[in-house]
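Protein chains: 2
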Amino acid sequence: MSELSSISRKEQIVEEAANLFRLKGYASATMRDLAAELGIEAASIYHHYKSKEELLEKICFDMADKFITNAKEVNDIYFNAEEKLRLSIKLHVELITENQNQSAVFLSEWRSLSEPKLSLFKQLRQQYENQFMIILKDGEKEDIFDHTDIKFAVLSILSTINFVNEWYKVDGKMNPAEIAEKLSNFILGGLRKKATLNR
Amino acid sequence: MSELSSISRKEQIVEEAANLFRLKGYASATMRDLAAELGIEAASIYHHYKSKEELLEKICFDMADKFITNAKEVNDIYFNAEEKLRLSIKLHVELITENQNQSAVFLSEWRSLSEPKLSLFKQLRQQYENQFMIILKDGEKEDIFDHTDIKFAVLSILSTINFVNEWYKVDGKMNPAEIAEKLSNFILGGLRKKATLNR
DNA sequence: ATTTTTGTCTAACAAACGTTAGTAAAATGA
DNA sequence: TCATTTTACTAACGTTTGTTAGACAAAAAT
Numbered sequence: 001m002s003e004l005s006s007i008s009r010k011e012q013i014v015e016e017a018a019n020l021f022r023l024k025g026y027a028s029a030t031m032r033d034l035a036a037e038l039g040i041e042a043a044s045i046y047h048h049y050k051s052k053e054e055l056l057e058k059i060c061f062d063m064a065d066k067f068i069t070n071a072k073e074v075n076d077i078y079f080n081a082e083e084k085l086r087l088s089i090k091l092h093v094e095l096i097t098e099n100q101n102q103s104a105v106f107l108s109e110w111r112s113l114s115e116p117k118l119s120l121f122k123q124l125r126q127q128y129e130n131q132f133m134i135i136l137k138d139g140e141k142e143d144i145f146d147h148t149d150i151k152f153a154v155l156s157i158l159s160t161i162n163f164v165n166e167w168y169k170v171d172g173k174m175n176p177a178e179i180a181e182k183l184s185n186f187i188l189g190g191l192r193k194k195a196t197l198n199r
Numbered sequence: 200m201s202e203l204s205s206i207s208r209k210e211q212i213v214e215e216a217a218n219l220f221r222l223k224g225y226a227s228a229t230m231r232d233l234a235a236e237l238g239i240e241a242a243s244i245y246h247h248y249k250s251k252e253e254l255l256e257k258i259c260f261d262m263a264d265k266f267i268t269n270a271k272e273v274n275d276i277y278f279n280a281e282e283k284l285r286l287s288i289k290l291h292v293e294l295i296t297e298n299q300n301q302s303a304v305f306l307s308e309w310r311s312l313s314e315p316k317l318s319l320f321k322q323l324r325q326q327y328e329n330q331f332m333i334i335l336k337d338g339e340k341e342d343i344f345d346h347t348d349i350k351f352a353v354l355s356i357l358s359t360i361n362f363v364n365e366w367y368k369v370d371g372k373m374n375p376a377e378i379a380e381k382l383s384n385f386i387l388g389g390l391r392k393k394a395t396l397n398r
């Protein structure tokens, strides 16, 4: 049982850390803040984690892992480019909405990582972005997407689907799947080749 | 001349502060960092500004002012909704690319403001967002935009055009006007009513 | 029953923080 | 030239920071 409750405590600390880092920013959130939220003393945290930055690292890299796993899942399924893009967006939105705190840290607080973890993290992010580029390139070949600056499009897409985390509320009108569909329509409307009659 | 050089020094401090706040985040950037960058001592800054937060406030509210001025300029010109949206996007992108540091602070570091300035700032942001909502509503009436969740669309648009600040480089391939046009096309493609034959 | 492990505590540390006080130098105006 | 204003300096302050050391209690394992 010590094993189980230990894991649970460790996870509890990380979850509260993510919440706090999101709320106040990594630099402004103190170990005493975190401890208070957990009902313990700051020193006690060091029994579970060896530094404040280790908490940040865990959150950032765990999320990076999940995003990349999603991307691989998409490419394992042999759909056309449009379906791949729609699935990518759906998984992305679901991951974000199901882990809002950790996602916020992954999306904005990673800048506080110090080398060499910082470079490693950037590399993983790049890896994920590349998956989207591949999908868009495929779509261009399949002639279902407009010819466009691929990198430009990927960044625009990601910025849009990442921003979900800043307005999504669990008790809101739309559920994640609906949000993903709306976003996909919005984005694809901008990508899909129009009938020649209007412009 | 004392007047002039005083203003210039004051501006120099704010500009370097914006650069530093963007680079390290407000909380992580120290007054000693800022002083070192200026070639003076930390205490000397307090002759020009009474606190660190005053610097943040100046950057945030100066930029808010500029964004809102832009929005008013757009509404003073009586174009149709599509032209209004295109102009809004253009002015937005130009403002961002011409003030990358201050824009980054305006976009992300405002969370470090403390009350009551924080509430005031949020109010100004809301004011700016509302201008976009009005344009989209007009476009719906004029029947040139698809019927869509207006708030959803505005947030998607803003997230996309704000994200420009994270990848734009002054020496890059595209100039601000070109970026604005591409973004407008991308966004409008998603908004504009399609010919009925494709979906 | 006793040892070991686990989780927490109190106390304190050195370093870094924003900021203030008082002083000196440099620029400006008479 | 002298007085005034502007700008910077040195030195230090009181806090807050992340973190460590060592003790103590509870739980688990032997």
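Read top to bottom, the protein sequences are chains X and G. For the first sequence, my numbering begins at 1 and goes up steadily by one. For the second sequence, my numbering begins at 200 and goes up steadily by one. Quick reminder that beta carbons are idealized off the backbone N, C-alpha and C, glycines included. Since we're looking at a predicted model, the values are computed, not measured.
Item	Value
Give me the chain X residues within the contact set of G:A226, using Cβ-Cβ distance strictly less than 7 angstroms, ordered along the chain.	G25, A27, S28
Please list, in chain order, the chain X residues whose beta carbon lies closer than 7 angstroms to that of G:T268.	Neighbours of G:T268 on chain X: none; closest Cβ ~24 angstroms, over 7 angstroms.
Determine the burial state of G:M262: buried for a count of at least 16 other Cβ atoms within 10 Å of its Cβ, exposed for fewer.	buried
Rounded to whole angstroms, what is the Cα-Cα separation between G:V213 and G:L254?	6 angstroms
Could you name the residues of chain G that X:F152 contacts, counting a contact when the two beta carbons are closer than 7 angstroms?	K381
Is G:R401 close to chain X? Criterion is C-beta to C-beta, closer than 9 angstroms.	Because chain G spans 200 through 398 in this model, residue 401 of chain G falls outside it and cannot be assessed.
Cα separation between X:E57 and X:L118?	9 angstroms
Only counting runs of 4 or more residues, tell me where the alpha helix (DSSP H) segments fall wholly within the segment 283–336 of chain G, in order along the chain.	299–307
Can you give me the Cβ contacts of X:I157 inside the same chain, cut-off strictly under 6 angstroms, excluding the 5 residues immediately before and after it?	I187
Closer than 8 angstroms, Cβ to any Cβ of chain G: which residues of the segment 94–117 of chain X, in chain order?	S108, R111, S112
Rounding to the nearest angstrom, what Cα-Cα distance links G:A216 and X:K141 in this structure?	47 angstroms
Where does X:F145 sit, in a helix, a strand or coil, going by DSSP?	strand
Within a Cβ cutoff of 7 angstroms, which residues of the same chain sit near G:K251, ignoring the five residues on either side of it in sequence?	M230
Keeping to the same chain, check which residues put their C-beta closer than 7 angstroms to that of X:R22; ignore five residues upstream and five downstream.	N101, A104, V105
Measure the C-alpha to C-alpha separation of G:Q211 and G:F362 and round it to an integer number of angstroms.	26 angstroms
Contact defined as beta carbons within less than 8 angstroms: I believe G:Q326 pairs with G:I267. What is the distance between those atoms, to the nearest angstrom?	6 angstroms
Give the DSSP-derived three-state secondary structure of X:G139 in the structure shown.	helix
Under 6 angstroms Cβ to Cβ from G:P375, same chain only, skipping five residues before and after it: list those, please.	V292, E293, T296
Count the other CB atoms within 10 Å of the CB of G:W366; is the residue buried (16 or more) or exposed (fewer)?	exposed
Classify X:G139 as buried or exposed, calling it buried when 16 or more other Cβ atoms lie within 10 Å of its own Cβ.	buried
Taking only the alpha-carbon atoms, compute the straight-line gap between X:K72 and G:G238 and give it to the nearest angstrom.	50 angstroms
Go ahead and label G:E202 buried or exposed: buried means 16 or more other beta carbons lie within 10 angstroms of its beta carbon, across all protein chains shown.	Per-residue confidence for G:E202 stands at a pLDDT of 44, beneath the threshold of 50, marking its modelled position as unreliable; no derived number is given.
Under a three-way DSSP split, which group does G:I147 fall into?	Given that chain G is displayed from residue 200 to residue 398, the structure contains no residue 147 of chain G and the question cannot be resolved.
Under 8 angstroms Cβ-Cβ, which residues of chain G neighbour X:S156?	T359, F362, L382, F385
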